[in-house]
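Participant:
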């Protein structure tokens, strides 16, 4: 057996071993959340001379089995789902404020007040009926006021929740930037893929929180954008922040860098903002009209 044949056999063994390691890595991570399977790509080694049959086979790449077009669509829909989830979670709290699960609820107090007025209409000269109208009206007004205060408190609570969400987005954005910085220096094909898989999972979380999307750059680097403005630019981050809302003292607006209320903001943050600035004020106005 020639030295050439031994070299080809040795190369084949190393190549197949590497391929088996990739398969084993897939099996070991079968239950890992967000893990994307990897596929070894094996190619022939060309011959050195014209009459050379070739040098065997080698592992030339380890591909992620991931559909980027589908992943982009999923991230877009995740932003919409996150917005709806944020809105729904706040509306559940609004519902609890108006749910009359015990005696003395808003509906009961209003009904009792009108009953008292009905009794007074039948007995206009009755001191007891007049006193009952005063008492029942006071209880109804108290019940309305309690709901109003609860809704106002919920708005403040949502505003505080926004602060936590912004902090979460900024932390995840920094992780994406760190992975972008590491990728060019990662020599292992599998290690590079694992970093990309981890980054994709982080980006999915960002999509759910703020509707973030990605733009791919050279070297496997991605920029994370919100409505055309970059949250992550290679290895640098422009953080989200909260700024005072001049139209609503005590509440805050979302800013990306120097842009306040950036277009394209979706995810849970957008849902919470919609609930705080549109839904809850609508109920407050209705309570004011009722009072």
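In our numbering, the protein residues as written are 1 to 291.
All C-beta atoms in this analysis are idealised placements derived from N, C-alpha and C, irrespective of residue type, glycine included.
Tell me the rounded alpha-carbon separation between residue 20 and residue 260.
Facilitator: Whole-angstrom Cα-Cα distance: 52 Å.
Participant: For residue 269, which of 214, 207 and 7 has the nearest alpha-carbon?
Facilitator: Nearest C-alpha to residue 269: 207.
Participant: By a C-beta neighbour count over all protein chains shown, 10 Å radius and 16 as the cutoff for buried, is residue 92 buried or exposed?
Facilitator: It is exposed - the Cβ of residue 92 has fewer than 16 other Cβ atoms within 10 Å.
Participant: Looking only at its own chain, which residues have a Cβ that is under 6 Å from the Cβ of residue 184, when we skip the five neighbours before and after it?
Facilitator: Correct list, in chain order: 219.
Participant: What does a CB cutoff of less than 6 Å around residue 86 pick up in its chain, not counting 5 residues either side in sequence?
Facilitator: Cβ neighbours of residue 86 beyond the five flanking positions: 268, 271 and 272.
Participant: Mapping DSSP to helix, strand and coil, what is residue 10?
Facilitator: Three-state result, residue 10: helix.
Participant: Would you check if the distance between the CB atom of residue 12 and the CB atom of residue 57 is smaller than 7 Å?
Facilitator: The answer is yes: Cβ separation under 7 Å.
Participant: Closer than 8 Å by C-beta to residue 285: which residues in its own chain qualify, once you throw out the five before and the five after it? Chain order, please.
Facilitator: So the list is empty, once near-sequence residues are dropped.
Participant: Report, in whole angstroms, the separation of the C-beta atoms of residue 38 and residue 65, which I expect to be a contact under 8 Å.
Facilitator: With 8 Å as the limit, residue 38 and residue 65 qualify as a contact, their Cβ atoms being about 7 Å apart.
Participant: Based on the DSSP output, what are the partners of residue 63 in its beta bridges?
Facilitator: In the DSSP output, where bridge partners are listed per residue, residue 63 has 39.
Participant: Going by the beta-carbon positions, is the gap between residue 262 and residue 227 smaller than 7 Å?
Facilitator: For residue 262 and residue 227, yes; Cβs fall inside 7 Å.
Participant: Using CA atoms only, rank isn't needed, just tell me which of 123, 276, 133 and 172 is closest to residue 156.
Facilitator: Here the closest residue by C-alpha is 276.
Participant: Beta-carbon separation of residue 36 and residue 61 under 7 Å?
Facilitator: No, these two residues do not count as a Cβ contact at 7 Å.
Participant: If we ignore side chains and look at the alpha-carbon of each, how far apart do residue 144 and residue 282 end up?
Facilitator: Taking the straight line joining both Cα atoms gives about 15 Å.
Participant: Whole angstroms are fine: how far does the CA of residue 266 sit from the CA of residue 32?
Facilitator: Computed Cα separation, rounded: 27 Å.
Participant: For residue 238, which option in 134, 82, 172 and 201 has the closest C-alpha, if you only look at C-alpha atoms?
Facilitator: It is 172 whose Cα lies nearest to the Cα of residue 238.
Participant: Between which residues of its own chain and residue 108 is the CB-CB distance below 7 Å, once the five residues before and five after are set aside?
Facilitator: Excluding residues within five positions, the ones whose Cβ falls inside 7 Å are 100.
Participant: What is the DSSP secondary structure of residue 167, counted as helix, strand or coil?
Facilitator: Three-state result, residue 167: helix.
Participant: For residue 290, collect the residues of the same chain with a Cβ closer than 7 Å to its Cβ; drop the 5 residues on either side in sequence, then sort them by chain order.
Facilitator: Only 144 meet the Cβ criterion.
Participant: Go ahead and pull the three-state DSSP assignment for residue 78.
Facilitator: Note: residue 78 maps to helix in three-state DSSP.
Participant: Sorted by chain position, which residues of the same chain lie with C-beta nearer than 8 Å to residue 236's C-beta, five sequence neighbours on each side aside?
Facilitator: Result list for residue 236: 177, in chain order.
Participant: Let me check understanding here. Comparing Cα to Cα, which of 63, 209, 146 and 215 lies closest to residue 180?
Facilitator: It is 215.
Participant: If you run the structure through DSSP and keep just helix, strand and coil, what is residue 126?
Facilitator: Note: residue 126 maps to coil in three-state DSSP.
Participant: Are residue 245 and residue 253 close, meaning C-beta to C-beta below 7 Å?
Facilitator: Their beta carbons are under 7 Å apart, which means residue 245 touches residue 253 by this criterion.
Participant: Where does residue 58 fall in DSSP's three states?
Facilitator: Strand.
Participant: Indicate the three-state DSSP secondary structure (helix, strand or coil) for residue 31 in the structure shown.
Facilitator: Reduced to three states, the DSSP call for residue 31 is coil.
Participant: Rounded C-beta distance between residue 204 and residue 78? I'm assuming under 8 Å.
Facilitator: Sure, about 6 Å apart at Cβ, within 8 Å.
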